[in-house]
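Colleague:
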Amino acid sequence: MSTPNTESSAERTDRTVLDLLCRLESITVGDLAREMGVTATAVRQRLNRLMGQGMVERTTAGSSRGRPSHYYRLTEKGRRTTGENFADLAHALWKEIQKIEDADLRKGLLGRLARGLANAYAPTMTGTTLSERMLEIKQIFGERNIPFSVDESHSLPRLTAHACPYPDLATEDRTICAMERSLFSNLLMEDVTLTTCQLDGATCCTFEMN
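The structure is reproduced here in structure tokens:
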């Protein structure tokens, strides 16, 4: 299964700004404008957008002459976002996991991976109800440009992924779907079942309570 690249030109520009800040640590509007070949006004618009999203922060350095200088740098949230482009590494690691012939050993490793991811996301999971925790999962993946929705029209809420977080890996090995189900079970603190899957021709992947 593959998903189209729906990243807009604005999102690509935001990504360029984030990548430059990751490489240069702290930078002024003028420096960014020169690096990107655009106007300072365009850079300020992007920085204001990213500050509003909590990705970038501004510091001010006093000057004995003239106006103080403003410097921009990534927040912790911004650093996490720029550190997500490791698709090649993830693919290579998954290939190695596939080579493990012992089924129990492979299953145990996948379980530990799911728990490790859950532990990484846990600090942002503060909801006390299933709906609240699903909405937090939606936000976590939304920050990674993976759209999710929560359907609360049934007796128990349902979590739906409208794009696959691991499209290339999933087409080669459906075990990744089991790991994702385990991840959501850990985050929701309830057993969940994958009831519809894009690999089976569905338009989305839906996770429901057992």
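Counting from 1, one number per residue, gives the positions in the sequence shown under the working numbering.
By construction, the Cβ of each residue, glycine as well, lies at the ideal position given by its N, Cα and C atoms.
These numbers were taken from a predicted model, which means no experiment stands behind them.
Using CA atoms only, rank isn't needed, just tell me which of Thr124, Met125, Glu101, Ile97 is closest to Arg112.
Modeller: Comparing Cα-Cα distances from Arg112 to each of Thr124, Met125, Glu101, Ile97, the minimum goes to Ile97.
Colleague: Straight-line CA distance for Asp104 to Asp200?
Modeller: Straight-line Cα distance between these residues: approximately 26 Å.
Colleague: If I'm right that Pro165 touches Ile137 with Cβ under 8 Å, what's the distance once you round it to whole angstroms?
Modeller: Not quite, the Cβ-Cβ distance comes to about 11 Å (not below 8 Å), so this is no contact.
Colleague: Between Phe184 and Ala118, what straight-line distance do the alpha-carbon atoms span, to the nearest angstrom?
Modeller: If you take the alpha carbons of Phe184 and Ala118, they lie about 8 Å apart.
Colleague: So what does DSSP say about Cys177, is it helix, strand or coil?
Modeller: Reduced to three states, the DSSP call for Cys177 is helix.
Colleague: In this structure, does DSSP put His70 in helix, strand or coil?
Modeller: In this structure, His70 counts as strand in the three-state DSSP scheme.
Colleague: Along the alpha helix (DSSP H) that carries Thr41, what are the first and last residues, could you check?
Modeller: Counting along the chain, the alpha helix (DSSP H) containing Thr41 begins and ends at 40–52.
Colleague: Find out if the Cβ-Cβ distance for the pair Asp14, Arg49 is shorter than 8 Å.
Modeller: Closer than 8 Å, so yes.
Colleague: In the DSSP assignment, the alpha helix (DSSP H) including Leu159 goes from what residue to what residue?
Modeller: Leu159 -> not in any alpha helix (DSSP H); beta strand (DSSP E) instead, spanning 158–161.
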